[in-house]
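Quick note: the sequence shown, position 256, residue 256 per UniProt numbering, numbers continuous. Worksheet: one structure, shown below.
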Amino acid sequence: METITGTAAGVPFTALPPAGAADGPAPLLVTWHMLDAPRTDAAFAAALPMTGVPAWRIHLGMPMCGARMVDGRVDAALRRAREDALLSFLAPFARQAADEFPAALAALREQLPVDDGPVGLLGASLGGAVALRVLTTRRIPVRAVALVNPAVRIRSAVERVQDLTGQVYRWTEESRGAADELDFVARAGDLTAHPPLLLVSGERDHPEFRTDAAALVDALRERYARPDEVELITVPDLAHPLAAEPGLEPAPQLPAARAVDDVLTRWFRRRLSR
């Protein structure tokens with residue numbers, strides 16, 4: 001599988017070109033990975049290559065992940081999680097990844113033969129919150145968006161970080177405000193662009209993530225002129241991660257990830273074919 005690596009406006013990326021002979025610029029599908037495995041852009045590209053999608057699949061690195069890890073280790077990110085799971089870790093990571101996207105997209109269009117039309121988006125876990133934040137800003141035209149085991153209510157992700165750190169999270173007025181900002185079920189009315197949206201939920205994902213996923217789908221279907229443009233698919237035997245630990249480097253695709261890859265490939269092939 002051919003891959004191209006580089007940086008775009010300071011954001012590291014792993015890019016996979018469309019298969020077959022290119023006939024001019026191709027559509028663009030941008031992804032944001034998990035903080036669970038696979039937790040780097042390169043590892044995410046291996047877990048969900050979506051080879052049959054007739055588009056450039058460009059996997060962006062999240063803050064302090066992959067090439068942006070401090071001293072090549074996850075320790076600095078874990079220190080932030082222990083300092084404050086939401087205000088030092090989850091919220092700033094999601095905000096930064098979304099805020100740096102417009103400049104990264106402009107740089108990618110200068111570096112690679114991609115078209116200048118609306119883009120496809122894919123986010124997994126916290127990367128799903130990034131994709132939804134990009135949608136709410138309405139700065140970038142979006143053709144289609146898919147979410148895999150997404151953190152659509154950041155409060156649920158805070159609970160999972162508590163499990164990691166062993167620390168009970170102490171909520172404050174500031175952290176409650178940050179959680180409201182990243183509660184995309186409550187903010188469903190701010191997702192006004194209404195692109196086709198696919199939500200892929202693992203049968204064995206965290207129960208609160210599955211509940212939140214269903215709530216987001218219900219909220220969006222109430223608002224879309226065409227409710228069938230919002231789809232929810234449950235993947236059997238899929239837990240939250242899409243790769244085995246440590247999830248830092250490309251690894252053989254797990255069976256559950258292959259099932260997700262097949263779902264995404266079929267869906268994006270319909271949505272991104274020119």
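Backbone N, C-alpha and C fix where the C-beta goes; we use that ideal spot for every residue, glycine too.
Among the residues of its own chain, which have a CB less than 7 Å from the CB of residue i, if the five just before and after it don't count?
i, result
"V185", "V152, R153, D212, A215, L216 and A219"
"V11", "L60, G61, E100 and A104"
"R221", "P227 and V230"
"W32", "L60, M62, A97, G123, G127, V130 and A131"
"E245", "A37"
"R39", "H33, C65, G247 and L248"
"V168", "Q162"
Give the DSSP-derived three-state secondary structure of residue i in the structure shown.
i, result
"P102", "helix"
"V130", "helix"
"T40", "coil"
"R57", "strand"
"R138", "coil"
"A76", "helix"
"A19", "coil"
Ordered along the chain, which non-local residues of its own chain (more than five positions away) have a Cβ less than 6 Å from that of residue i?
i, result
"I48", "What sits at residue 48 in the sequence shown is Leu, not Ile. Same-chain partners within the cutoff: D261."
"E208", "S156"
"T165", "A81 and R82"
"R57", "L16, L29 and M50"
Bridge partners of residue i, per DSSP?
i, result
"L90", "DSSP, once it has assigned bridges, lists no residue as partnering L90."
"P12", "T7"
"T31", "H59 and L122"
"V260", "Bridge partners of V260: none, in fact."
"A26", "V114"
Which word fits residue i, buried or exposed, when buried means at least 16 other C-beta atoms lie within 10 angstroms of its C-beta?
i, result
"D84", "buried"
"D41", "buried"
"T51", "exposed"
"V235", "buried"
"G20", "exposed"
"A76", "exposed"
Please find out if some non-hydrogen atom of the ligand MG comes closer than 7 Å to the beta-carbon of residue i.
i, result
"R39", "As presented, the structure is devoid of all ligands, the ligand MG included, so that no description of it is given."
Leaving out five residues on either side along the sequence, give the residues of the same chain with a beta carbon under 8 Å from the beta carbon of residue i.
i, result
"L272", "P27, L29, V53, P54, A55, G120, R143 and A144"
"L191", "L132, L135, T136, F184, L220 and R223"
"R269", "G52, V53 and P54"
Ignoring anything shorter than 4 residues, give me the alpha helix (DSSP H) runs that lie fully in the region 143–182, in order along the chain. 154–165 and 173–181
Of all the beta strand (DSSP E) runs that stay within the bounds of the region 171–244, which reach a length of 3 or more residues?
197–202 and 230–235
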